[in-house]
Amino acid sequence: MYRIQAPDFNIDLTLSCGQVFRWDKKEQWTGVVNGAVIRATQEGSELIIESTLDKKSIQDYFRLEDDLEKIYSEIGRDELITSLIRKYRGLRLIRQDPWECLASYICSSNNTIRNIKNSIRLMCECFGNRIENGYYSFPTPEALSQAELCDMASCRLGFRAPNVRSAAAMIADGEFDLYGIKDLSYEEGREELVKIRGVGNKIADCVLLFAFGKLESFPVDTHIEQIMERYYSENLKDVKKSKKRDAIADSARRYFGKYCGYAQEYLYLEDQEK
DNA sequence: CTCCAGGCTTACG
DNA sequence: CGTAAGCATGGA
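In this text, residue positions in the first sequence follow the working numbering: the first is 2, and each later residue adds one.
Below you can see the structure in the form of structure tokens.
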């Protein structure tokens, strides 16, 4: 057990806003990151951590190095977003493992957070390694690439199961260099990710934002589309229906600037509460 | 019963 | 080119 200074951090908002799928809060927050169990409690501006992971890994995972004041002043372009910043101060993006993030968001396609969480839990129990009682590692690309579709059916993935398995196979076989995306630009990374079956612009944007820290990424799902149309429709004149979500993302990038990924998460959380 | 969920792919004009 | 159906599953 050890302590970490975490000023300007709200662990409840960070872990419950829908960006990660494998954390639960009982007496304390408990999750599995990079094959290790983490138990975390926040006391004021301190985190109390029980884990085999070291302090540096935790700081990295919760992006405690991000200068939130600077980010807030960049994205705080109007009354709505500044009110959300006041309301949800301390919500941070998380730096997820790229493979877990990619596989998880392939599961998110036309799905609910409740079902996504359930499917991911079943996948970990079925194809991951047991760490301690009740906690499993996220299955490796190798493990999932060798899974039978009939076994994956028990994970309730529906039509997404073949997409998860083929992505796993591309990475396990070395056909796709997922971890090399960290050295690419946002645009180049997106070009690569959408080559994967079941990955379009939105899921690619989630992986670029949540795993590779491309803060200029602005994933547009059904919630963000609605909230952007409601509050920022003046930025969206003459948008064609077929590429509406791309146009919303582009306009948000211009409007909120290079940290628009943070703006997206605050807008998303606001819509979640309704 | 219908509609929708942190969408994507394919088929049709 | 642009649009729309279809896709498994579960909850409202």
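Just so it is clear, CB atoms sit at the ideal spot from N, CA and C, and this is done for glycine as well.
Within a 10 Å sphere around the beta-carbon of F160 sit fewer than 16 other beta-carbons, which makes this residue exposed. In chain order, P142, L145, S146 place their CB closer than 6 Å to the CB of A169, counting only its own chain and leaving out the 5 sequence neighbours on each side. In the three-state scheme derived from DSSP, where H, G and I count as helix and E and B as strand, I197 is classed as coil. Taking a contact as a CB-CB distance under 8 Å, the pair K259 and L216 counts as one, their CB atoms being some 6 Å apart. Taking a cut-off of 8 Å on C-beta distances, the segment 111-129 does not touch the segment 76-93, as fewer than three cross pairs fall below it. DSSP, read as helix, strand or coil, puts I95 in coil. Secondary structure of A37 (DSSP, three-state): strand. The shortest CA-to-CA distance from Y73 to any of R198, Y233, G91 is the one to G91. Going by beta carbons, F219 and A250 fall inside the 9 Å limit. Around the beta-carbon of D206, 16 or more other beta-carbon atoms lie within 10 Å, marking it buried.
In this structure, Y137 sits near V33, with a CB-CB distance shorter than 9 Å. Inclusion of R122 and A148 in the CB contact set at 9 Å is not warranted, their separation being larger than that value.
In this structure, the alpha-carbon of E66 lies about 14 Å from that of N11. Residue pairing from DSSP leaves G129 without any beta-bridge partner.
Inclusion of L69 and R96 in the CB contact set at 9 Å is not warranted, their separation being larger than that value. When C-alpha distances from Y180 are compared across K203, V221, Y233, C102, the shortest belongs to C102. In the DSSP assignment, no residue is bridged to T113. Boundaries around L270 are those of the alpha helix (DSSP H), 261-273, since no beta strand (DSSP E) includes it.
Apart from sequence neighbours up to five positions away, the residues of its chain that approach G77 with a beta-carbon distance below 8 Å are T83, I86, ordered along the chain.
Annotation: the continuous beta strand (DSSP E) that includes L48 extends over 47-52. Collapsing the DSSP output to three states places Y232 in a helix. When the Cα atoms are used, Y263 and K57 turn out to be separated by approximately 22 Å.
In this structure, the alpha-carbon of F177 lies about 15 Å from that of G199. Relative to the Cα of E235, the nearest Cα in the group Y256, H224, Q20, V195 belongs to Y256. The beta carbon of I197 lies closer than 6 Å to those of A168 in the same chain, with the five residues before and after it left out. Residue state for E44 is assigned as strand, using DSSP reduced to three classes. Taking I107 as the centre and dropping the five residues before and after it, the same chain places the C-beta of R161, N164, V165, A168, G199, V200, I204 closer than 7 Å to its C-beta, in chain order. Beta-bridge annotation (DSSP): R157 is not paired with any residue.
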